[in-house]
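So the working numbering is basically just the index in the sequence shown, starting at one, shifted up by 2.
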Amino acid sequence: MQGLENKVTVVAGGRKGIEKATVTRMTAEEIAVVVAELDREAVRDTVSEIRASDGRATAIETDVTDTDAAAETVEIAFEEYGKLDIGANNAAVIIPLGFFRSIHWNCRLSNTSRMTW
């Protein structure tokens, strides 16, 4: 990720798996990250680990499908870091394959394609 140091990003999702790996990798590359998650407590440990490694991260509770909440998230990025360079959407609902039905697929496509990011 050359050339991204000192950039600021908002990442929707950061709880575990690829979401957490994305946030952790970005901060390792000196990118400041605002982690936007439905459950702020769920990313508290991730943010603590990043800060313990001298990374810059802030966790906020938000719903990425809510336009007003997304605007507030951008405001927080500016308040915390003075700018916003990158937006990344990692937020998703994971449903075990055996329980996945067409209604879930339609909902996922609708939400993902219309998310504010």
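Ideal placement from N, C-alpha and C gives every residue a C-beta, glycine not left out.
With respect to the beta strand (DSSP E) encompassing residue i, which residues constitute its N-terminal and C-terminal limits?
i, result
"Val36", "Ala34 to Glu39"
Measure the alpha-carbon distance for residue i versus residue j and round it to whole angstroms.
i, j, result
"Ile105", "Ala93", "19 Å"
"Ile62", "Arg103", "31 Å"
"Gly89", "Val25", "12 Å"
"Ile78", "Ile33", "16 Å"
"Leu99", "Ala59", "33 Å"
"Val10", "Val36", "8 Å"
"Lys69", "Glu81", "Inspection of the sequence shows that residue 69 is occupied by Thr rather than by Lys. Approximately 19 Å, taken between the alpha carbons."
Taking all protein chains shown into account, decide if residue i is buried (16 or more other Cβ within 10 angstroms of its Cβ) or exposed.
i, result
"Leu86", "buried"
"Ala54", "exposed"
"Thr29", "buried"
"Glu43", "exposed"
"Glu7", "exposed"
Can we count residue i as close to the ligand FAD, meaning its CB is less than 7 Å from some heavy atom?
i, result
"Glu7", "For the structure depicted, the ligand FAD is absent and the ligand set is empty, with no information on it obtainable."
Complete runs of the beta strand (DSSP E) confined to the segment 22-106 [at least 3 residues]: You should have 34-39, 59-63 and 88-91.
Assess contact between the segment 44-55 and the segment 65-78, defined as three or more Cβ pairs (one per stretch) separated by less than 8 Å. Is contact present? Of all C-beta pairs linking the segment 44-55 to the segment 65-78, fewer than three are shorter than 8 Å, placing the two stretches out of contact.
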